[in-house]
Every structure is written in structure tokens, then in C-alpha cells.
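Numbering (my numbering), first residue to last: 34 to 276. For every residue, glycine included, the Cβ atom is placed at its ideal position computed from N, Cα and C. Before any comments, here is the structure.
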Amino acid sequence: MEQVMDRGRLQRGRSYARKGQVLSLEESQGKITAKVQGSQHTPYKITIKLSPLPEKDWEKVFAALAERPYFVAQLLAGEMPQEIEEAFKSVRLDLFLSRRELSQNCNCSDWADVCKHLAAVHYILAERFDEDPFLLFRLRGKTQDEVLASLGTGDGEGETAVLPDYALAPPLKDSLANFWQTELEGFAVHIASPQEPYPLLERLGEPGFWPESRRWLIKAYDGVSETAVQIAFQSEASLNETD
């Protein structure tokens, strides 16, 4: 949306969303309906429709997700994995539709494909996606229960589990000698740069009692990050040699 809209409509849409002018937003069977209070007395009516994925495509997606247990764990925790689209891309599908694949309409008189009222609804939808990772799945044709059942983590009657089986870990007393050394093969490591550098330092600010703390903390952060990446991609043999 930010790539195709002009800046003026985009800013007004963001302002509408922040001011609470999206009066209602409902989702049902691949469709979003909303009402946005504009300059007129009567709110404008918004409709956004998404095409559901065919069942055969969902089967491919579930198989791809099952190969990424970390994704499944995040979904179970109510979080949308940041790299969720890569699972869809791996089977030549898309979770997030392009603008051309969306059918959207507003009954205002604006001639633009995406007016400020539609922009406001998209901003609210983005917030809803953060709060409910299964919203986008529902819009593409699968409920939360269906997703979890297909991944073998729900209470469905069918045996549709596709997650790999893992052996139970040995008792702690039997693995004290190598407790910190083994069983790292299934640990998923995802390296991604933050959108803003040093977000925690930005949030905390500069402490008054140590004016130059930021410079030193940045060095510490960079050193820890570099060491963590090196450890993450070391082989088990090299880790044992280090020990």
C-alpha cells in the first residue's frame, strides 16, 4: 500500500486510523467490511475481498510449515513468525496478496484505486494481524483450529500430524557431563537485522550518570552479536574442540 499510494492519501489514512475514525471492522469468509467516518455525516462503507487458497495448496503449506518447528511454536504462542512468507514461497505460493489480487472498494467519490478510507482500514488490519496471527489464515480460508489440527497440534479426530517425532530427553542426572554441549541440531537460528539499530538503547536513552555509556554499550552489543552468530553456525565438532 505504501508503495502504490500517494503520500497525501497515505498520511490522511494513517491519521484517520489513529483518530479512531474506523468505526467498525468485521471479517467473514475471506472478506473484510468496515465503516470509516469521513467528512460526510454518513460513514463510508469499505469492502476488501481476498481469494482463499485451494485445499491442495494448503496441504503444501502445512508440509512446509512442519519442516520449520520454530514457526509452529511461534504460531502456538499466538505470534506470527516474521519469516512466515518464506514457508509459502518455498512451495511457490503467497500468504500476502499483491494489490492486484485484492478486490477492494469504498463508496466515496475519490477516483484513486486506494483512497484514504481504504488506507485507514489497512492500517487497522495491520494492527489486527499483529494481535491475531491467525486472522490472515482465516482470510485465506483456514481457521485457527484447522491450521493447528493440520499441523498435528490440535484436538482434531483425524491423524493429520506432520510434525517430526522427537525422542524424549534423557534424565538430567544422566546428561550432566555434556548438558551444555549436545542436542543443538533441532535448534532453529534465524539471523535478521533489526529495523532500527540498537532498539533497546534507543528506548532506554542515555543515563545521566554515564554520558558516554552509549558508545561503550554499542561496542559490547556488536561484540556479543558477532560472537552469537559465530557460535550459532559452528559445527558440533568445532564446539567440542573449543571446549
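{"query": "Cβ-based burial, P204 [other Cβ within 10 Å; buried from 16]", "result": "exposed"}
{"query": "CA nearest to the CA of E112, picked from E164, P232, L209, V55", "result": "E164"}
{"query": "Between the CA atoms of E179 and D121 - distance to the nearest angstrom", "result": "For the record, residue 121 in the displayed sequence is Phe; it is not Asp. Rounded to whole angstroms, F121 to E179 spans 17 Å at the Cα level."}
{"query": "With 16 other Cβ atoms within 10 Å as the buried cut-off, status of Q54", "result": "buried"}
{"query": "Cα-Cα separation, D39 to I65", "result": "23 Å"}
{"query": "Sequence-distant residues of the same chain with beta carbon closer than 8 Å to R47, five excluded per side", "result": "A152, A153, Y156"}
{"query": "Host beta strand (DSSP E) of S57 (start-end)", "result": "55 to 61"}
{"query": "Beta-bridge partners of Y156, as assigned by DSSP", "result": "Partner(s): none; Y156 has no beta bridge."}
{"query": "Endpoints, the beta strand (DSSP E) within which Y77 is located", "result": "77 to 82"}
{"query": "Span separating the alpha-carbon of R173 from that of L56", "result": "24 Å"}
{"query": "Which of helix, strand or coil DSSP assigns to T176", "result": "coil"}
{"query": "DSSP-derived helix/strand/coil call for V69", "result": "strand"}
{"query": "Exposed unless 16 or more other CB atoms sit within 10 angstroms - verdict on P230", "result": "exposed"}
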